[in-house]
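Peer 1: Taking the working numbering, the leading residue of the sequence shown gets 26, the next gets one more, and so forth.
Glycine included, every Cβ here is placed at the ideal spot set by N, Cα and C.
These numbers come from a predicted model, not from an experiment.
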Amino acid sequence: MGKIFDIQRISVHDGPGIRTTVFLKGCPLRCKWCHNPEGLNGRIQLKYLDEKCILCQWCKMVCGNKVHTFGENTHLIDFSACIACGKCVAECPSTALELVGEEISPSKLVSQVCEDKVFFGQEGGLTLSGGEPMLQPEFVYEIFCEAKKAGLHTCLDTSGYAKWEKYERVLPVTDCFLYDVKAYSADIHRRATGVDNQIIKGNLRKLCRYEKPVYIRTPVVNGYNATLDEMQKIADFLKGLPIVGITLMPYHTLGQSKYCMLGIKKYEGILTAPAEEEMEQYKKLFTERGIQVI
Ligand code: SF4
Ligand code: SF4
Numbered sequence: 026m027g028k029i030f031d032i033q034r035i036s037v038h039d040g041p042g043i044r045t046t047v048f049l050k051g052c053p054l055r056c057k058w059c060h061n062p063e064g065l066n067g068r069i070q071l072k073y074l075d076e077k078c079i080l081c082q083w084c085k086m087v088c089g090n091k092v093h094t095f096g097e098n099t100h101l102i103d104f105s106a107c108i109a110c111g112k113c114v115a116e117c118p119s120t121a122l123e124l125v126g127e128e129i130s131p132s133k134l135v136s137q138v139c140e141d142k143v144f145f146g147q148e149g150g151l152t153l154s155g156g157e158p159m160l161q162p163e164f165v166y167e168i169f170c171e172a173k174k175a176g177l178h179t180c181l182d183t184s185g186y187a188k189w190e191k192y193e194r195v196l197p198v199t200d201c202f203l204y205d206v207k208a209y210s211a212d213i214h215r216r217a218t219g220v221d222n223q224i225i226k227g228n229l230r231k232l233c234r235y236e237k238p239v240y241i242r243t244p245v246v247n248g249y250n251a252t253l254d255e256m257q258k259i260a261d262f263l264k265g266l267p268i269v270g271i272t273l274m275p276y277h278t279l280g281q282s283k284y285c286m287l288g289i290k291k292y293e294g295i296l297t298a299p300a301e302e303e304m305e306q307y308k309k310l311f312t313e314r315g316i317q318v319i
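1) What do you get for residue 255, buried or exposed, if any count of 16 or more other CB atoms within 10 angstroms of its CB means buried?
2) By alpha-carbon positions, which one of 188, 78, 135, 60 ends up nearest to residue 161?
3) Just reading off the beta strand (DSSP E) that residue 110 is part of, what are its end residues?
4) Where residue 93 and residue 122 are concerned, what is the direct C-alpha to C-alpha distance, given to the nearest angstrom?
5) Report the residue from 317, 96, 278 whose alpha carbon sits nearest the alpha carbon of residue 60.
6) Are residue 109 and residue 69 closer than 8 angstroms when you measure CB to CB?
7) Do you know offhand how far residue 234's Cα is from residue 228's?
8) Under the rule that 16 or more other beta-carbon atoms within 10 Å means buried, what is residue 231, buried or exposed?
9) If we define contact as Cβ-Cβ less than 8 angstroms, is residue 308 a contact residue for chain B?
10) Taking the Cβ atom as the reference point for each residue, do residue 309 and residue 156 lie within a distance shorter than 8 angstroms?
11) Terminal residues of the continuous alpha helix (DSSP H) containing residue 214?
12) Measuring straight from C-alpha to C-alpha, what distance separates residue 170 and residue 101?
13) Under three-state DSSP, which class holds residue 267?
14) Which one of 184, 103, 262, 192 has the shortest CA to CA distance from residue 218?
15) Going by C-alpha distance, which of 241, 103, 272 is nearest residue 90?
16) Would the beta-carbon of residue 82 be found less than 7 angstroms away from any heavy atom of ligand 2?
17) Find out if the Cβ-Cβ distance for the pair residue 180, residue 40 is shorter than 8 angstroms.
18) In angstroms with no decimal places, state the Cα-to-Cα distance between residue 166 and residue 153.
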């Protein structure tokens, strides 16, 4: 069994072809720009949709943990006291409350994914993303074993921040990798994500020794990695590696509203994307080094 928080069907940006992407819970990184905050915490969580709440106070009556309190026209939630028992979710008459995340078995998950098989064609298949899937390596391994039995192409979307042994474990059942390189410089990486990138760079070098396609993904964010100097360093690092190519993804604001719904404090600084001309300059740095920009 493992924990997931979403299944996205007909996905065309999560690996080759048309895919079904399953998002696993839990992540050791804290990227300032994270647009999937449901994936940060490994536990099942309460989500509150303020615009749906009719202030009936049913949730307050059924919750034994004093999570819900009410003022005049206000509904306050102490997310830290919630044990995700789901009682208030079941009682809420206006679906203002939800639980984010579910425990599921690999076989049940893969049988759900197999319902989409008709869309996959020659190239498509199943992608595991997150969060960071490698926080649940045995779950990943078992899902991919089931997927291979069902004839599915398997792709792992990872930050690279996990012990190498975990990648070794899943390698035999993983057909390709989406691998994040968020910065080359350790200080920029630490400032942007909260963790060092030594292990990420090391794992990528090791992964590239295997004959599995590796697609690099790099979010591009002003104030962090969006400089010619940093992009050049990333390009020089990747130049010698047999990767398929790189996708440069300018920062976007999707997902920001979810922080409030989950009671998670989001980064308060202003994040922006580079201008189009700058993105073109960055892309050129990679193509000049023989790296395909996808
Ligand atoms: S999920 Fe359970 S613990 Fe959490 S707020 Fe609702 S009733 Fe209370
Ligand atoms: S039960 Fe639902 S609608 Fe009623 S106060 Fe709680 S969240 Fe709002």
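Peer 2: Once the coordinates are examined:
1) Buried.
2) 188
3) That residue, residue 110, is in no beta strand (DSSP E); it is neither H nor E in DSSP.
4) Roughly 11 angstroms between the two C-alpha positions.
5) For residue 60, the nearest C-alpha among the options comes from 278.
6) Yes, Cβ-Cβ distance for residue 109 and residue 69 is below 8 angstroms.
7) 10 angstroms
8) exposed
9) In the displayed structure, chain B is absent; only one protein chain is listed.
10) no
11) 211 to 218
12) Separation of residue 170 and residue 101 (C-alpha to C-alpha, rounded to the nearest whole angstrom) is 44 angstroms.
13) Coil.
14) 184
15) 103
16) yes
17) yes
18) Linking residue 166 to residue 153 through their CA atoms gives a straight-line distance of about 11 angstroms.
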